[in-house]
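Written out below as structure tokens is the structure these notes cover.
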Amino acid sequence: MYETYFNNKFTNLLVFYVYLLVFLLLSPFLFVWELVNYIDSCFRSKENMSGKVVLITGASSGLGELMAYEYAKHGAYLAIISTQKPESRLQQVALRARELGSPDVLFMFADVSKVHECRMFVDDTVQYFGRLDHLVCNAGIGPLYTIKNDVTIFLPVIVR
Ligand SMILES: NC(=O)c1ccc[n+]([C@@H]2O[C@H](COP(=O)([O-])OP(=O)(O)OC[C@H]3O[C@@H](n4cnc5c(N)ncnc54)[C@H](OP(=O)(O)O)[C@@H]3O)[C@@H](O)[C@H]2O)c1
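Numbering (my numbering), first residue to last: 15 to 174.
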């Protein structure tokens, strides 16, 4: 029944042309919308990060590491976190961030799934720098898994 009514050559072609039509009708509006947003972002005043204090969890690799470098280039003080592993690159990230322009980088090993460790690194940051302006909660499990996988792989980043 499904095959007869919905999955035949005619309906397949119909769906294709309807999508094409919708795309052609919407694309000029989308283009104008993107252009307006782009021009607007050029004039919007950006926050001056120089001298601000930014705490980034999961900064030993990936997106967290790249965010640390971006904040460093804008002159922010950094507190960077990852779990303690022999192969951890956190100290190298701290050195590189200093080279890129951060006036001071505090690196701390902690596990974000443990509430008392989160409290500790936030308190230590405020005590060390005297303030905290941005908190980037980035630490997490990178790869994507389907629901069929063993969900216990996410336990290290679930606060217990
Ligand atoms: N990349 C993507 O396409 C994508 C897409 C959607 C969402 N995300 C999310 O974006 C975030 C960063 O992704 P990514 O691709 O950059 O991942 P990544 O390269 O695997 O980096 C994850 C970071 O989190 C740290 N980390 C992991 N568990 C931790 C814990 N319990 N306590 C403290 N630090 C911990 C890791 O450091 P150690 O292992 O050294 O501790 C590492 O620095 C994740 O939350 C991820 O779920 C990423």
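All C-beta atoms in this analysis are idealised placements derived from N, C-alpha and C, irrespective of residue type, glycine included.
Just so you know, these numbers come straight off a predicted model, no measurement behind them.
DSSP state of THR139, grouped into three classes?
-> One-based indexing of the sequence shown puts residue 139 at position 125. It is helical.
Relative to the alpha-carbon of ARG110, which residue among ILE53, PHE30, SER75 and VAL36 has its alpha-carbon at the smallest distance?
-> Along the sequence shown, read from residue 1 onward, the residue named residue 110 stands at position 96. Checking every option, the nearest Cα to that of ARG110 belongs to SER75.
By Cβ distance, which residues of its chain are closer than 6 Å to ILE95, with the 5 residues on each side in sequence left out?
-> Taking the sequence shown and counting its residues from 1, one reaches residue 95 at position 81. So the qualifying residues of the chain are THR71, MET122, ALA124 and PHE135.
Starting from the C-beta of LEU149, find all residues in its chain whose C-beta is less than 7 Å away, skip the five residues before and the five after it, and write them out in chain order.
-> In the sequence shown, residue 149 corresponds to position 135, counting from 1. Taken in chain order, the residues that qualify are LEU69.
Report the rounded CA-to-CA distance for VAL67 versus CYS132, giving the unit in angstroms.
-> By 1-based counting over the sequence shown, the position of residue 67 is 53. By 1-based counting over the sequence shown, the position of residue 132 is 118. Distance between the alpha carbons of VAL67 and CYS132 is about 17 Å.
Bridge-paired residues (DSSP) for HIS148 | For the purposes of this step, residue 148 is taken as the residue at position 134 of the sequence shown. Paired residue(s): VAL68.
What residue range is occupied by the uninterrupted beta strand (DSSP E) comprising ALA93?
-> Counted from its first residue, the sequence shown places residue 93 at position 79. It spans 91-96 - the beta strand (DSSP E) in which ALA93 sits, taken as one unbroken run.
Range of the contiguous alpha helix (DSSP H) that encloses VAL107 = Translated into the one-based positions of the sequence shown, residue 107 becomes position 93. First-last of the alpha helix (DSSP H) with VAL107: 104-114.
Neighbour-count burial assignment, THR8, 16 or more Cβ in a 10 Å radius = This structure does not reach residue 8, given that the chain is present from 15 up to 174, and the question cannot be answered.
Classify MET134 as helix, strand or coil using the three-state DSSP reduction.
-> As a working note, residue 134 is residue 120 in the sequence shown. Correct three-state label for MET134: helix.
In terms of residues, what are the limits of the alpha helix (DSSP H) holding LEU44?
-> As a working note, residue 44 is residue 30 in the sequence shown. Unbroken alpha helix (DSSP H) run through LEU44: 23-57.
Just how far apart, CA to CA, sit THR25 and TYR31?
-> For the purposes of this step, residue 25 is identified with residue 11 of the sequence shown, where counting begins at 1. For the purposes of this step, residue 31 is identified with residue 17 of the sequence shown, where counting begins at 1. Approximately 10 Å, taken between the alpha carbons.
CA-CA distance, VAL129 and GLY65?
-> Indexing the sequence shown from 1 puts residue 129 at position 115. Indexing the sequence shown from 1 puts residue 65 at position 51. In a straight line, the C-alpha of VAL129 is about 28 Å away from that of GLY65.
Report the three-state DSSP secondary structure of VAL119 (helix, strand or coil).
-> In the sequence shown, the residue the question calls residue 119 occupies position 105. The answer is strand: DSSP assigns VAL119 an E or B state.
Out of curiosity, what's the CA-to-CA distance linking SER102 and THR166?
-> Taking the sequence shown and counting its residues from 1, one reaches residue 102 at position 88. Taking the sequence shown and counting its residues from 1, one reaches residue 166 at position 152. Using only the alpha carbons, I get a separation of about 23 Å.
Where does the unbroken alpha helix (DSSP H) through GLY184 begin, and where does it stop?
-> There is no way to answer for residue 184, as the model of the chain reaches only from 15 to 174.
Determine the closest residue to LEU80 out of THR97, ASN51, GLN106 and GLN98, with distance taken between C-alpha atoms.
-> Position 66 of the sequence shown, counted from the start, is the residue given in the question as residue 80. Cα-wise, what sits closest to LEU80 is GLN106.
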